[in-house]
Structure formats: C-alpha cells, structure tokens
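Residue numbers (UniProt numbering): 1 to 88.
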C-alpha cells in the first residue's frame with residue numbers, strides 16, 4: 001500500500017465509522033452509545049449474530065470516541081489559549 005493510499009483510508013475511516021453506527025453529524029455521544037449498545041447486542045453470537053459484525057461495530061465506536069476525545073482536547077486547548085492571551 002502506498003503512502004497516498006494509506007492516507008486515503010485514514011480520511012475515509014470516520015465516514016465509515018459513522019455509517020456503521022448509523023450516526024449523522026453533528027455527533028452526539030449519547031446517540032453513539034445508544035446505537036452502539038443496540039447494534040452490538042443484536043449481533044451477539046449467542047443470539048445468532050456475527051462476531052465479525054460485532055468487531056466492526058466495536059472498532060467504529062472506538063474510532064468515533066477517539067475523534068470526540070481529540071475534538072474535546074482541541075476545544076479545551078483553544079479555550080486555555082484564549083484565556084492566557086486574555087491575561088496578557
């Protein structure tokens with residue numbers, strides 16, 4: 001896989017994650033959790049579901065959660081920067 005191809009995969013990953021969990025922007029963490037719980041539960045292997053689909057659902061939520069943490073970290077960092085600039 002070329003470097004350009006790997007970049008393209010990374011760019012498309014959040015969109016795929018949103019599709020897997022049936023989430024539309026703006027992302028609401030409560031909706032993410034609700035959809036995750038429902039989809040993960042109905043795909044339980046003991047209920048005739050698919051471990052493969054559970055894995056896709058788990059990784060999609062993991063990726064969305066990572067993006068939410070990154071965005072909240074940016075927001076906190078920007079607010080702190082504004083506060084410091086205001087003090088000067």
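No residue lacks a Cβ here, since even glycine has one placed at the ideal position from N, Cα and C.
Run of the alpha helix (DSSP H) containing residue i, from where it starts to where it stops
i, result
"residue 39", "29 to 42"
Beta-carbon proximity list for residue i, same chain, < 7 Å, skipping 5 on both sides
i, result
"residue 53", "43"
"residue 29", "68"
"residue 26", "none"
Cβ-based neighbour list, residue i, same chain, cut-off 8 Å, excluding 5 preceding and 5 following
i, result
"residue 21", "32, 35, 36, 39, 57, 60, 61, 64"
"residue 50", "43"
Contact set for residue i: own chain, Cβ-Cβ below 6 Å, skip 5 residues either direction
i, result
"residue 97", "Here the chain has residues from 1 to 88 only, and residue 97 is not among them."
"residue 41", "none"
Residue i versus the options, residue with shortest Cα-Cα distance
i, options, result
"residue 14", "41, 47, 74, 66", "66"
So within the stretch 43 to 79, which uninterrupted beta strand (DSSP E) runs reach at least 3 residues, ignoring any that extend past its ends?
none
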